[in-house]
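Undergrad:
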Ligand code: LFR
């Protein structure tokens, strides 16, 4: 046969999906078999609210999705798992000790200062090349030390590694996601043992590192029974950081591109062969995350569609009925100039009443306060487009990479207003899609590991461009807000 089937498990911060991917020399096709919601669960912890992931429920949803996948495709060859980054479970002798924390939990705030007391931001950047995000794994582990829970653990597994462990019994750390911990050396892409020692973590909790494309193992017999699949289905390491998989599937046909992977977050940057560790890059909070095939994802985190989804959640919570399509149309019809706020501001990180925080920001900065839901949404989209454009311009400036076209992939590529505003603000064409870039990147790396396709990322991207033709947004001639 010239096509075989693999399953991509793609877990985002607001929803997860299981997709079947058919890949052959002629192209790729993708078919969703399950979609399920995801989100933080608030627990009480000694009088304090704490935010966690309901990972056991997520795993159940994954198994249910794989059951459908195996029923529809008895010849299923391989499974790959990706998710958001940085979060993890602690285990002892194979048992999970507690539900993983959600990166939006506030426990890392004191941990940041504690960590920086041992290794300052400049020193950390020289070692790990990462932008500062208060929830990077190293800060979370410091919070675990304070809480006394790290002592009890003999393993730390990032979310996709944890699911792979449950599926196969093999505990490993896939490198693209491990690069977001802050504990991987940016040059060697090995665990930075001197840094780990200094921060007071036990080296032995960090599993052996593997590259995307490596076969991790086969499904455990108990798992094949449960999902009704044949024996010996491979579990393959893919770019298990969702953003790494999304970047694989950017349908670029030339070298001079930047990307915006826009879902809950907007990850804005370029792909490089080697890290950029300049002081200017650190000051601009640019990260050097590990990509598939040893590439560098030189990017900056922008708050993303979270600003929109959390605003909608707030309105719905207050009893309003929100129809997304209507809201976006109304936002598109707003003609008055709206506030462009700093979408990177840390105050927008925590869950809760975002519209109130946006209005507070506007008040403090003497910006026009949005007067309706439509104006607020327009303000969010203008601010995101502004942050995206600044991100692209900085990525180009800091890396020296020429950018002539911007690929916007992920859920945000369906937002026509956002795509057009970004093109206008940049004065560059924006090519939107594919929506499911992360799942496609996941599928492609499995397909290559199975020998169904061969070649470099450039060849894989050409395959994506043939199978999912992006939509082109040309910048308007009159530029506003520059
Ligand atoms: C996107 C993402 C980002 C990461 C954030 C938190 O889904 O993986 O790349 O910074 O989630 O893990």
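Numbering (this note's numbering), first residue to last: 580 to 1061. Built from N, CA and C at the ideal position, the CB exists for glycine as well.
What number of angstroms, rounded off, separates the C-alpha of residue 588 from the C-alpha of residue 1022?
TA: 9 Å
Undergrad: Candidates 978, 826 and 883: which alpha carbon is nearest residue 986's?
TA: 826
Undergrad: Out of curiosity, what's the CA-to-CA distance linking residue 796 and residue 1007?
TA: 44 Å
Undergrad: Should residue 1045 go down as buried or exposed, given a rule of 16 or more other Cβ atoms within 10 Å for buried?
TA: exposed
Undergrad: Runs of 3 residues minimum, wholly inside the segment 657-744: which ones carry the beta strand (DSSP E) assignment?
TA: If only complete runs of 3 or more residues are kept, the segment 657-744 shows the beta strand (DSSP E) at 657-662, 667-671 and 734-737, in order along the chain.
Undergrad: Going by DSSP in three states, residue 611 sits in which element: helix, strand or coil?
TA: strand
Undergrad: Identify every run of the alpha helix (DSSP H) within the segment 980-1045, keeping only runs that are complete inside it and at least 4 residues long; order them along the chain.
TA: 995-1005 and 1016-1028
Undergrad: Just how far apart, CA to CA, sit residue 881 and residue 804?
TA: 42 Å
Undergrad: In angstroms with no decimal places, state the Cα-to-Cα distance between residue 960 and residue 771.
TA: 39 Å
Undergrad: Are the CB atoms of residue 630 and residue 684 nearer to each other than 8 Å?
TA: yes
Undergrad: Once DSSP output is grouped into helix, strand and coil, what is the label at residue 634?
TA: helix
Undergrad: According to the Cβ coordinates, are residue 910 and residue 957 closer than 8 Å?
TA: Yes, Cβ-Cβ distance for residue 910 and residue 957 is below 8 Å.
Undergrad: Less than 8 Å between the C-beta atoms of residue 664 and residue 820, yes or no?
TA: yes
Undergrad: From residue 726 to residue 597, what distance separates their C-alpha atoms?
TA: 35 Å
Undergrad: Alpha carbon to alpha carbon, how far is residue 705 from residue 777?
TA: Rounded to whole angstroms, residue 705 and residue 777 show a C-alpha spacing of 15 Å.
Undergrad: In chain order, which alpha helix (DSSP H) runs of at least 4 residues are fully inside the segment 888-956?
TA: 903-912 and 933-943
Undergrad: Quick one: any contact between the segment 931-951 and the segment 971-980, if contact means 3 or more CB pairs under 8 Å?
TA: Contact annotation: the segment 931-951 does not touch the segment 971-980, with fewer than three C-beta pairs closer than 8 Å.
Undergrad: Please classify residue 976 as buried or exposed, where buried requires at least 16 neighbouring CB atoms within 10 angstroms.
TA: exposed
Undergrad: For chain C, check one thing: does any of its Cβ atoms lie closer than 8 Å to the Cβ of residue 980?
TA: In the structure shown, chain C does not exist; there is a single protein chain.
Undergrad: May I ask whether a heavy atom of ligand 1 can be found less than 7 Å away from the beta carbon of residue 682?
TA: yes
Undergrad: Is any heavy atom in ligand 1 found nearer than 7 Å to the beta carbon of residue 687?
TA: no
Undergrad: Below 8 Å CB to CB, which residues in the same chain sit around residue 671 once its five sequence neighbours on both sides are set aside?
TA: Excluding positions up to five away in sequence, the list reads 731, 732, 733 and 734.
Undergrad: Using a Cβ-based criterion (distance less than 7 Å to any ligand heavy atom), does residue 880 qualify as near ligand 1?
TA: yes
Undergrad: Please go through the same chain and pick out, in chain order, the residues whose beta-carbon is closer than 8 Å to the beta-carbon of residue 964, but skip the five residues on each side of it.
TA: 997, 1000, 1001, 1003 and 1004
Undergrad: Between which two residues does the alpha helix (DSSP H) carrying residue 826 extend?
TA: 821-827
Undergrad: According to DSSP, residue 866 sits in a beta bridge with which residue or residues?
TA: 878
Undergrad: Am I right that residue 609 and residue 1016 are in contact with their C-beta atoms under 8 Å? What's the rounded C-beta distance?
TA: The pair is not a contact, with the Cβ atoms about 10 Å apart (cut-off 8 Å).
Undergrad: Which residues does DSSP pair with residue 752 in a beta bridge?
TA: 788
Undergrad: Using three-state DSSP, classify residue 605 as helix, strand or coil.
TA: coil
Undergrad: Is any non-hydrogen atom of ligand 1 found closer than 7 Å to the C-beta of residue 591, if you look at the structure I gave you?
TA: yes
Undergrad: Quick check: does the Cβ of residue 716 come within less than 7 Å of any heavy atom belonging to ligand 1?
TA: no
Undergrad: If you count every other CB in all the chains shown that lies within 10 Å of the CB of residue 600, and 16 or more means buried, which is it?
TA: buried
Undergrad: Can you tell me which of 876, 851, 952 and 930 puts its alpha carbon nearest to the alpha carbon of residue 553?
TA: Because the chain is modelled from 580 through 1061, residue 553 falls outside the range shown and cannot be assessed.
Undergrad: Would you mind working out which of 955, 675 and 703 sits nearest residue 540, comparing C-alpha positions?
TA: Nothing about residue 540 can be reported from this structure: the residues present for the chain run from 580 to 1061 only.
Undergrad: Within the same chain, show all residues whose beta-carbon is closer than 7 Å to that of residue 592, passing over the 5 residues directly before and after it, in chain order.
TA: 617, 663 and 843
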